[in-house]
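Start counting at 1 in the sequence shown, then tack on 39, and there's your number in this note's numbering.
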Amino acid sequence: MVIERRSPWWRGSVSSDLAEFLVAFSHGQVSEIVPARCDGCGDSVFVVGIDDDNGYAVRRCAGCDRPWVMLAGTDWAEVQRAVCPCGGELFEVAAGFTERVDGELGWVYLALRCTTDDALGLYGDWRITARPTRKLLDLV
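1) Closest by CA to E138, which one among G160, R170, E131, R98?
2) Using the Cβ count rule (16 or more neighbours within 10 Å means buried), how would you classify V69?
3) Given a threshold of 16 other Cβ atoms within 10 Å of its Cβ, counted over all protein chains shown, does G81 qualify as buried or as exposed?
4) A75 and S65 look like a contact to me (Cβ under 8 angstroms); what is the Cβ gap, rounded to whole Å?
5) List the residues that DSSP assigns as beta-bridge partners of F136.
6) Report the three-state DSSP secondary structure of L176 (helix, strand or coil).
7) Can you give the beta carbon distance from M109 to R98, rounded, assuming they're within the 8 angstroms contact cut?
8) Quick one: using the 10 Å Cβ neighbour count with 16 as the cut-off for buried, is C123 buried or exposed?
9) Since R44 and G88 are thought to touch, with beta carbons under 8 angstroms apart, how far apart are those beta carbons, to the nearest angstrom?
10) Hey, how far is the Cα of G145 from the Cα of C125?
11) To the nearest angstrom, how far is the alpha carbon of A96 from that of R173?
12) Do you know how far the Cα of N93 is from the Cα of V147?
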């Protein structure tokens with residue numbers, strides 16, 4: 040699909056629009072994009088919490104209520120619940136990663152698509168410092 044780049048929010052009608060959004064937002068620097076899927080039921084819609092200060096996020100599946108700690112971190116204790124400007128709290132999720140010259144991952148961008156109004160947004164981004172970094176691809 041094609042992202043609608045209207046002001047003030049970009050809109051995407053399908054979850055794969057998150058990849059296009061991440062590439063555009065990072066000015067083409069994102070080299071790996073991982074969409075989130077529930078390991079329990081396969082659903083792709085979540086309630087999301089983000090701890091941008093400590094560099095991790097958590098998600099809870101809207102289908103089966105299974106929690107998942109994303110990108111390291113520990114639990115829901117320190118997170119801020121993601122809320123769309125429209126008030127929606129259910130999202131499709133994708134993480135985009137930049138790669139350093141040495142092949143390690145350097146930066147992560149966490150993009151969400153609101154299932155209420157289709158708004159796309161960057162809800163977190165942080166530098167990756169702990170090594171090895173490639174394990175983070177499995178933690179989305």
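No residue lacks a Cβ here, since even glycine has one placed at the ideal position from N, Cα and C.
As the structure is a prediction and not an experimental result, all values here were calculated from the model.
Quick look at the numbers:
1) R170
2) buried
3) exposed
4) So it is not a contact: roughly 18 angstroms between Cβ atoms.
5) E71, V147
6) helix
7) 6 angstroms
8) buried
9) So it is not a contact: roughly 28 angstroms between Cβ atoms.
10) 32 angstroms
11) 17 angstroms
12) 13 angstroms
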